[in-house]
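Engineer:
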Amino acid sequence: MMKGETPKPSAVTEANRMSPDDGILVRVDNVDKTFHRGSEEIHVLSGLSLEVPGGDFLALMGPSGSGKTTLLNLIGGLDRVTRGSVSVGGERIDQMSNRQLAAWRARHVGFVFQFYNLLPVLTAERNVELPLLLTPLSKAERRKHVETALDVVNLSHRSRHHPRTLSGGEQQRVGIARAIVTDPTLLLCDEPTGDLDRKSGDEVLHLLQALNREHGKTIIMVTHDPHASARAKRTVYLDKGQLSTEKPE
Amino acid sequence: MRFLVLVWNNLKRKKLRTSLTLLSIFVAFVLFGLLCSIREAFMAGVSMAGADRLVVRHKVSLIMNLPVTYGPRMERIPGVESAVHWTWFNAIYQDEPKNFFGSFPVNPEPFLAMHSEYLLPEDQKQAWLKTRTGAIVGRTLTQRFGWKIGDRVPLTSPIWPRKGDQAWEFEIVGIYDGAQKGTDTSGFFFRYDYFDEARARGEGTVGWYFVRVTDVNRVAEVANAIDAEFANSPYETKTEPEGAFAQGFIQQMGNFTTILIGILSAVFFTILLVAGNTMAQAVRERTGELGVLKAVGFSNGLVLALVLAESCLITAVGGLAGLGAAWLFAARGSPIPAILPVFYLPTENVILGVGLVFALGLVAGILPALQAMRLQIAVALRKTD
Numbered sequence: 001m002m003k004g005e006t007p008k009p010s011a012v013t014e015a016n017r018m019s020p021d022d023g024i025l026v027r028v029d030n031v032d033k034t035f036h037r038g039s040e041e042i043h044v045l046s047g048l049s050l051e052v053p054g055g056d057f058l059a060l061m062g063p064s065g066s067g068k069t070t071l072l073n074l075i076g077g078l079d080r081v082t083r084g085s086v087s088v089g090g091e092r093i094d095q096m097s098n099r100q101l102a103a104w105r106a107r108h109v110g111f112v113f114q115f116y117n118l119l120p121v122l123t124a125e126r127n128v129e130l131p132l133l134l135t136p137l138s139k140a141e142r143r144k145h146v147e148t149a150l151d152v153v154n155l156s157h158r159s160r161h162h163p164r165t166l167s168g169g170e171q172q173r174v175g176i177a178r179a180i181v182t183d184p185t186l187l188l189c190d191e192p193t194g195d196l197d198r199k200s201g202d203e204v205l206h207l208l209q210a211l212n213r214e215h216g217k218t219i220i221m222v223t224h225d226p227h228a229s230a231r232a233k234r235t236v237y238l239d240k241g242q243l244s245t246e247k248p249e
Numbered sequence: 250m251r252f253l254v255l256v257w258n259n260l261k262r263k264k265l266r267t268s269l270t271l272l273s274i275f276v277a278f279v280l281f282g283l284l285c286s287i288r289e290a291f292m293a294g295v296s297m298a299g300a301d302r303l304v305v306r307h308k309v310s311l312i313m314n315l316p317v318t319y320g321p322r323m324e325r326i327p328g329v330e331s332a333v334h335w336t337w338f339n340a341i342y343q344d345e346p347k348n349f350f351g352s353f354p355v356n357p358e359p360f361l362a363m364h365s366e367y368l369l370p371e372d373q374k375q376a377w378l379k380t381r382t383g384a385i386v387g388r389t390l391t392q393r394f395g396w397k398i399g400d401r402v403p404l405t406s407p408i409w410p411r412k413g414d415q416a417w418e419f420e421i422v423g424i425y426d427g428a429q430k431g432t433d434t435s436g437f438f439f440r441y442d443y444f445d446e447a448r449a450r451g452e453g454t455v456g457w458y459f460v461r462v463t464d465v466n467r468v469a470e471v472a473n474a475i476d477a478e479f480a481n482s483p484y485e486t487k488t489e490p491e492g493a494f495a496q497g498f499i500q501q502m503g504n505f506t507t508i509l510i511g512i513l514s515a516v517f518f519t520i521l522l523v524a525g526n527t528m529a530q531a532v533r534e535r536t537g538e539l540g541v542l543k544a545v546g547f548s549n550g551l552v553l554a555l556v557l558a559e560s561c562l563i564t565a566v567g568g569l570a571g572l573g574a575a576w577l578f579a580a581r582g583s584p585i586p587a588i589l590p591v592f593y594l595p596t597e598n599v600i601l602g603v604g605l606v607f608a609l610g611l612v613a614g615i616l617p618a619l620q621a622m623r624l625q626i627a628v629a630l631r632k633t634d
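Protein sequence lines correspond, in order, to chains A and B.
Mapping of the first sequence onto the numbering used here: residues 1 to 249, in sequence order.
Mapping of the second sequence onto the numbering used here: residues 250 to 634, in sequence order.
#1: Against chain A, which members of the stretch 595-627 of chain B pass a CB distance test of less than 7 Å?
#2: Between F494(B), V523(B), V599(B), Y443(B), which lies nearest to T382(B) when the distance is taken from Cα to Cα?
#3: Tell me whether the stretch 317-328 of chain B and the stretch 279-294 of chain B touch, counting them as touching only if at least three CB pairs, one residue from each stretch, are closer than 8 Å.
#4: DSSP three-state label for S365(B), please.
#5: Can you check whether the C-beta of V121(A) is within less than 7 Å of a C-beta belonging to chain B?
#6: With 9 Å as the limit, tell me which residues of the stretch 538-568 of chain B have their beta carbon closer than that to any beta carbon of chain A; keep them in chain order.
#7: Rounded to a whole number of angstroms, what is the C-alpha to C-alpha distance between A277(B) and G602(B)?
#8: With a threshold of 16 other CB atoms inside 10 Å of the CB of V86(A), please say whether the residue is buried or exposed.
#9: Looking at chain A, is there any beta carbon in it that lies within less than 7 Å of the beta carbon of N258(B)?
#10: Report yes or no: do the stretch 126-144 of chain A and the stretch 194-210 of chain A share at least 3 C-beta pairs separated by less than 8 Å?
#11: Could you have a look at H307(B) and say whether DSSP puts it in helix, strand or coil?
#12: Contact check, F275(B) vs G610(B) under 8 Å by CB: the rounded distance?
#13: Does any C-beta atom of chain B lie closer than 7 Å to the C-beta of L130(A)?
#14: Using DSSP with H/G/I as helix, E/B as strand and the rest coil, what is P7(A)?
#15: Touch check for the stretch 458-478 of chain B and the stretch 433-443 of chain B: three-plus C-beta pairs under 8 Å?
#16: Look up I341(B) in the DSSP assignment and say whether it is helix, strand or coil.
#17: Short check: CB of D426(B) to CB of R388(B), under 7 Å?
#18: Just to confirm, is the Cβ distance from H191(A) to V222(A) under 7 Å?
#19: Can you confirm whether the stretch 537-554 of chain B touches the stretch 103-118 of chain A when touching is taken to mean that 3 or more C-beta pairs between the two stretches lie within less than 8 Å?
#20: By the 8 Å beta-carbon criterion, what residues does the stretch 31-50 of chain A contribute toward chain B?
#21: For V309(B), count the other beta carbons within 10 Å of its own beta carbon; 16 or more makes it buried, fewer makes it exposed. Which is it?
#22: Closest to S229(A) by C-alpha separation, out of C189(A), A103(A), L71(A), N127(A), would be which residue?
#23: By DSSP's criteria, H43(A) is part of a beta bridge. Which residues make up the other side?
#24: How is K487(B) classed by DSSP in three states: helix, strand or coil?
#25: Looking at chain B, is there any beta carbon in it that lies within less than 7 Å of the beta carbon of D195(A)?
#26: Assign R164(A) to buried or exposed, taking buried as 16 or more other Cβ atoms, counted over all protein chains shown, within 10 Å of its Cβ.
#27: Does the beta-carbon of K264(B) have 16 or more other beta-carbons within 10 angstroms, so that it is buried, or is it exposed?
#28: Using a Cβ-Cβ distance under 7 Å, would R251(B) count as near chain A?
#29: Report, in whole angstroms, the separation of the C-beta atoms of V177(A) and L155(A), which I expect to be a contact under 8 Å.
#30: Could you check if K261(B) is buried or exposed, using at least 16 other CB atoms within 10 Å of its CB as the buried criterion?
#31: In or out: L25(A) buried (at least 16 other Cβ within 10 Å) or exposed?
#32: Whole angstroms are fine: how far does the CA of K379(B) sit from the CA of S406(B)?
#33: Where does the unbroken alpha helix (DSSP H) through Y443(B) begin, and where does it stop?
#34: With a cut-off of 8 Å on the beta carbons, I'd call V234(A) and L58(A) a contact; round off their distance for me.
#35: R262(B) versus chain A: which residues are under 8 Å apart at the beta carbon?
#36: I need the boundaries of the beta strand (DSSP E) containing M528(B), first residue and last residue.
Written out as structure tokens, the structure is:
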């Protein structure tokens, strides 16, 4: 699904026309991403293209500073491309307004972060409930969804606990529950085991695998850890702004 | 309402900082409430002044008296309906200077006819007319000294000694109430005939006159006519509307409203900095969390609204508690009835206070809220790494 060469403009247009019916959920087409640091321009991604079919579990590896998180942010609508296009489920998210993008994220994407990013002032269940506050669900319906999500990550018994009283693994499972509570199409995980010991990391990876296999979630996971990438269905490597199926030297 | 838990929990994050901010807002609004009550106390005479009433006093000074014969002469001037005289008696109860209160010898019937803002039951009015040493007392004053109808009250006056240096003795025959909330009910009125006959000096003089005009549109014209009537006499007059008279009386102490606005502006500016700093710190500390909220789908507008809601909530809790405390304090009555006989927090000031509470919340929160709104998600999330 990954394209080795830079597509021609006509290919970009073709990508725009593609619907998710062709099985491709995520289509990154000829994307450039440049950051500015003072007068200096930093090209993080150059003409990068990637296709991820629905139901895939993709591990994205690469050295620090290679642009993994930047790519993940572009796919999740957290950042904007400098050039090129990003389509998810047939929708051109690079053309959406900030408001549309926020609503799209709430409906279609779940994020899992390396440092869990739970709100310390809220209990586990309140953290999980956060994305549901944006939906028209009633309080009772929200509670039911939260219970289900916490049940999936096997943390129902810790629902009233604040993050500081949970272990790292438990906090990450709460983070995963928050990511899946709206039943999104796509899960984007940025180093989900990066802050965990091996045992907790394995639990989280096992959970992600189950979500992929049993619940059909499409997962893109950024990781440095070969042990984690081994749990994915496939792995791509990002180096110097380019993707490859081969591990760089 | 569904976001209230989030907003409320954010306020509990730094309990000490939030408590100190709440306390400073609370104190500011207590001060606001009390200063408004004090202002109302000073301005009650102005706001309660009758539009159709003039005050006639000695041209040189209020402390100089006028002849009692001026009353009938004024009533003959076209446009004058009636003229009623008052005299400052300066009564002191039990020889204690702190037991000082407003007291005035008047002619009962014309006085009650002129001042319909004082409500006196008919039987008590009749008792006053029959009793030469009778006095009617405002409800607030009876509460201050525990007086009741039938009590005999000895008073002294440093201005008006009684013949033979005896104490003045009065019998309380009536208790009057105010027709409106701001009406002063701390006064003590007794009969002029008793006063004039028994005083050691100054017979035949009065302090000033209240004059009712027949046509409120002719107030200025009538005032000029009165002053012209007594021009070039030993007792020249200065006539002005009752409201202007009351205002001039207050301004002897300075422009109270300007002083009040000055103090409150300084207080609210300081509180604005305190609340604004609290919110700015709160947003800075939560950059990563705000990024997470945006990542899960909170729009920029919603994040802006949440920060403003937090700012308004903190000012609402502190400010409304402060206003409530000031209202309760004022409702207990004047702490210094001799100086501030009318003491309450007017409803319009409460409404103004509530408006200020939310204005303060919005102004204190707007910059941090805009900062939170403009936060780029990817940048914000890096702050947690």
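We treat Cβ as the ideally placed atom computed from N, Cα and C, and that holds for glycine.
Here the structure is a predicted model, which means the values were calculated and not measured.
Structural biologist: Walking through what the data contain:
#1: I626, A627
#2: Locating residue 382(B) in the second sequence gives position 133, counting from the first residue. For the residues F494(B), V523(B), V599(B), Y443(B), the minimum Cα distance to T382(B) belongs to Y443(B).
#3: no
#4: Within the second sequence, numbered from 1, the residue matching residue 365(B) stands at position 116. Coil.
#5: As a first step, residue 121(A) is located in the first sequence; it is residue number 121 there, counting from the start. V121(A) counts as touching chain B.
#6: Answer in chain order: E538, G540, V541, L542, K543, A544, V545, G546, F547, S548, N549, G550, L551.
#7: Residue 277(B) sits at position 28 when you count from the first residue of the second sequence. Residue 602(B) sits at position 353 when you count from the first residue of the second sequence. Looking at the two C-alpha atoms, the distance is approximately 11 Å.
#8: Indexing the first sequence from 1 puts residue 86(A) at position 86. Counting Cβ neighbours within 10 Å, V86(A) comes out buried, since at least 16 surround it.
#9: Here residue 258(B) is taken as the residue at index 9 of the second sequence, counted from 1. Output row for N258(B): interface = yes.
#10: Contact check between the stretch 126-144 of chain A and the stretch 194-210 of chain A: fewer than three CB pairs, one atom from each, fall below 8 Å, which does not count as touching.
#11: For this step, residue 307(B) is matched to residue 58 along the second sequence. Correct three-state label for H307(B): strand.
#12: Locating residue 275(B) in the second sequence gives position 26, where the first residue counts as 1. Locating residue 610(B) in the second sequence gives position 361, where the first residue counts as 1. Actually they do not touch by this definition, with Cβ atoms about 14 Å apart.
#13: As a working mapping, residue 130(A) is identified with position 130 in the first sequence. Taking Cβ atoms only, chain B reaches closer than 7 Å to L130(A), which makes this a yes.
#14: Indexing the first sequence from 1 puts residue 7(A) at position 7. Model confidence at P7(A) stands at a pLDDT of 33, short of 50, so the residue's coordinates are unreliable; what they give is reported in the following sentence. Residue state, collapsed to three classes: coil.
#15: no
#16: Residue mapping note: residue 341(B) aligns to position 92 of the second sequence, counting from 1. It is a strand residue.
#17: Along the second sequence, one-based indexing puts residue 426(B) at 177. Along the second sequence, one-based indexing puts residue 388(B) at 139. In this structure, R388(B) lies closer than 7 Å to D426(B) by Cβ.
#18: Residue numbering aside, residue 191(A) sits at position 191 when the first sequence is read from its first letter. Residue numbering aside, residue 222(A) sits at position 222 when the first sequence is read from its first letter. Residue identity differs from the one stated: residue 191(A) is Glu in this sequence, not His. Contact flag set, yes.
#19: yes
#20: none
#21: Locating residue 309(B) in the second sequence gives position 60, counting from the first residue. With fewer than 16 other Cβ atoms within 10 Å, it is exposed.
#22: Here residue 229(A) corresponds to residue number 229 of the first sequence, with the count starting at 1. If we check each option's Cα against that of S229(A), C189(A) comes out closest.
#23: In the first sequence, the residue the question calls residue 43(A) occupies position 43. Secondary-structure assignment with DSSP links H43(A) through a beta bridge to T34(A).
#24: Start at 1 with the first residue of the second sequence, and residue 487(B) comes out as number 238. Note: K487(B) maps to strand in three-state DSSP.
#25: Here residue 195(A) refers to the residue found at position 195 of the first sequence. Chain B, which has no Cβ nearer than 7 Å to the Cβ of D195(A), makes this no.
#26: Residue numbering aside, residue 164(A) sits at position 164 when the first sequence is read from its first letter. Exposed, because fewer than 16 other Cβ atoms sit within 10 Å of the Cβ of R164(A).
#27: Counted from its first residue, the second sequence places residue 264(B) at position 15. Around the beta-carbon of K264(B), fewer than 16 other beta-carbon atoms lie within 10 Å, marking it exposed.
#28: One-based indexing of the second sequence puts residue 251(B) at position 2. Under the 7 Å criterion on CB atoms, R251(B) is classed as interfacial with respect to chain A.
#29: Here residue 177(A) refers to the residue found at position 177 of the first sequence. Here residue 155(A) refers to the residue found at position 155 of the first sequence. The sequence given here has Ala at residue 177(A), not Val. Contact annotation, A177(A) with L155(A): C-beta distance approximately 7 Å; criterion of less than 8 Å satisfied.
#30: Numbered from 1 along the second sequence, position 12 holds the residue referred to as residue 261(B). Result: exposed.
#31: One-based indexing of the first sequence puts residue 25(A) at position 25. L25(A) is buried by the Cβ-count criterion.
#32: As a first step, residue 406(B) must be located in the second sequence, where it is residue number 157. As a first step, residue 379(B) must be located in the second sequence, where it is residue number 130. Their Cα atoms are separated by approximately 24 Å.
#33: The residue given as residue 443(B) occupies position 194 in the second sequence. Unbroken alpha helix (DSSP H) run through Y443(B): 441-447.
#34: The residue labelled residue 234(A) in the question sits at position 234 within the first sequence. The residue labelled residue 58(A) in the question sits at position 58 within the first sequence. A quick correction: the sequence has Arg, not Val, at residue 234(A). Between R234(A) and L58(A), the beta carbon gap of about 6 Å places them in contact (Cβ cut-off 8 Å).
#35: By 1-based counting over the second sequence, the position of residue 262(B) is 13. Simply P120, V121.
#36: Within the second sequence, residue 528(B) is the residue found at index 279, counting from 1. Careful: M528(B) lies outside any beta strand (DSSP E), inside the alpha helix (DSSP H) at 505-534.
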